[in-house]
Amino acid sequence: MSNIRITKQFNFETGHALYGYDGKCKNVHGHSYKLSVTVIGSPITDRSNVKFGMVIDFSDLKKIVKEEIVDQFDHATVFNETTPHIELANELKNRGHHVILVDYQPTSENMVVDFSKRIIARLPAGIALFSLKLQETESSFAEWYASDNL
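Below, the structure written as structure tokens:
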């Protein structure tokens with residue numbers, strides 16, 4: 004049976020700041036992120052399976068990505084917990100803001116690596132993450148490919 008790639012796209016709004024950066028992104032700001040998730044696998048051949056002919060039900064993939072990424076990162080502000088931004092993060096948390104602390108600089112490059120790990124951990128047997136594309140602006144994005152990360 005052939006391997007088939009399927010892709011589902013997601014949108015979410017997230018703020019961040021890049022500590023120590025020498026440009027505008029050192030300031031707290033936000034993006035309307037677009038995330039494309041592509042998985043690969045063989046379509047189910049068991050005719051008695053309700054998902055016959057599917058690699059993975061789009062709704063099952065949506066559930067994984069929604070729970071692991073969209074629900075957590077949407078309308079949150081992300082800071083590197085190992086920088087002085089921790090003080091700002093704590094102040095925002097104390098005021099009821101949704102803050103995520105990560106152990107990396109919250110660039111698109113690092114976020115897409117984090118997202119890959121979260122998704123891989125939840126995929127069913129026989130389905131592999133093929134690629135991720137995290138678009139920060141209309142003209143700027145980071146991509147993660149499984150083949151680059153063997």
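In this text, residue positions in the sequence shown follow the working numbering: the first is 4, and each later residue adds one.
Note that the Cβ used here is the ideal one computed from N, Cα and C, for glycine as well.
Keep in mind that this is a model prediction, so the values were computed, not measured.
Cα-Cα separation between residue i and residue j, rounded to whole angstroms
i	j	result
Val73	Phe13	8 angstroms
Ser45	Val102	39 angstroms
Cys28	Ile47	45 angstroms
Gly1	Phe133	Nothing about residue 1 can be read from this structure; the chain reaches only from 4 to 153.
Leu153	Arg98	43 angstroms
Whole-angstrom C-beta distance between residue j and residue i, which should lie under 8 angstroms
i	j	result
Val105	Val81	6 angstroms
Leu137	Met114	6 angstroms
Residue i, enclosing beta strand (DSSP E) - first and last residue
i	result
Asn83	79-83
Residues that DSSP places opposite residue i in a beta bridge
i	result
Phe13	Leu38
Ser134	Thr41, Tyr148
His19	His32, Val81
Ile103	Val81
Local Cβ density within 10 Å of residue i, reported as buried at 16 or more and exposed below that
i	result
Met4	exposed
His78	exposed
Glu94	exposed
Delimiting residues of the alpha helix (DSSP H) encompassing residue i
i	result
Ile47	First-last for Ile47: undefined, no H or E at that position.
Val116	111-123
Ile89	88-97
Val68	61-68
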